[in-house]
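Numbering-wise (our numbering), the sequence shown opens with residue -18 and increments by one. Using N, Cα and C, we set each Cβ at its ideal position, and we do this for glycine too.
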Amino acid sequence: MEYRHKSSPSPGKFKVVASARNVMLTLFWDSERIFHVEFLKERNNVNSERYISTLRKLSVRLKRERPTKHAILHHDNARPHTSRRTREVLHKMNFVVLPHPPCNPDLAQSDFYHFPKLKEHLRGNHYKSDEDVEAPVRHWFRQKCVDFFTDGMRQLVRRWQLCVDRDEDYVET
């Protein structure tokens, strides 16, 4: 209920429009290309079952595109990545999982390399919905050449080496 003076104009009405906010993106890549991109729809959470479903999709694609190579997976220590069920599935899929220090975004390559560059590319664009963001994101990754991914891998190795050299879990660069 609204209280106003009789002579006051009636309040304007506004229209609620769906808009893109933060879109969660799951990304799997190697030193040459992106293997799997998955967007999390609003109000969905990444839990173990969802992550396992994503890993299964990734596994199918890897078997199709790299049948003779084994997969090395580097992910952070989020609960869905480290649950017993996820670890069992990763073992059955023969993924080699690299250890990741707790709470260290400096060693999560997508966080320090891919996502900042993607955000810079998208800066200034306005999207009406989360779905409208997906096509430009996919296009941006598709147009990246091998050097982009190779450079990202080199930066990851350099950051790992800094952690080893400094005997630290956390490195700001």
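Counted within 10 angstroms of its Cβ, other Cβ atoms place residue i as buried (16 or more) or exposed
i        : result
His56    : buried
Ala(-1)  : Low per-residue confidence applies at Ala(-1): pLDDT is 45, beneath 50, and the placement is therefore not dependable enough to give any value.
Val163   : The structure shown has nothing for residue 163, since the chain only spans -18 to 154.
Ala59    : exposed
Gln90    : buried
Arg65    : exposed
Thr67    : buried
Arg135   : exposed
Arg139   : exposed
Gly133   : buried
Leu43    : buried
Leu137   : buried
Leu88    : buried
Leu71    : buried
Leu79    : exposed
Tyr(-16) : Note that Tyr(-16) scores a pLDDT of 46, beneath 50, so its modelled location is shaky and nothing firm can be said.
Which residues DSSP lists as bridging residue i, in chain order
i     : result
Trp10 : Ile15
Phe20 : Leu6
Val77 : Ile53
Where the alpha helix (DSSP H) containing residue i begins and where it ends
i      : result
Gln124 : Gln124 -> no alpha helix (DSSP H), and no H or E assigned at all.
His95  : Premise fails: His95 is in no alpha helix (DSSP H) and is neither H nor E.
Pro61  : Arg60 to Thr63
Val41  : Ser29 to Glu46
Reference residue i; option with closest CA among the options
i      : options                           : result
Leu103 : Phe93, Asp111, Pro117 and Lys109  : Pro117
Met5   : Ile15, Asp92 and Val127           : Asp92
Leu39  : Asn25, Arg66, Thr63 and Leu8      : Leu8
Asn75  : Val41, Trp141 and Pro82           : Val41
Arg14  : Arg147, Phe129, Asp146 and Gln142 : Phe129
Asn3   : Val145, Lys109 and Asp146         : Lys109
Leu21  : Gln142, His81, Arg45 and Ser34    : Ser34
Arg45  : Thr63, His17, Asn25 and Pro61     : His17
Trp10  : Lys125, Asn25, Val145 and Trp141  : Lys125
Lys73  : Cys144, Gly105 and Leu36          : Leu36
His81  : Val127, Trp141, Asp111 and Glu69  : Trp141
When you compare the region 89 to 106 with the region 116 to 134, are there three or more beta-carbon pairs, one atom per stretch, that lie closer than 8 Å?
These segments touch.
Inter-stretch contact (C-beta, 8 Å, three-pair minimum) for the region 44 to 52 and the region 21 to 36
Here the region 44 to 52 makes no contact with the region 21 to 36; the two share fewer than three CB pairs at distances below 8 Å.
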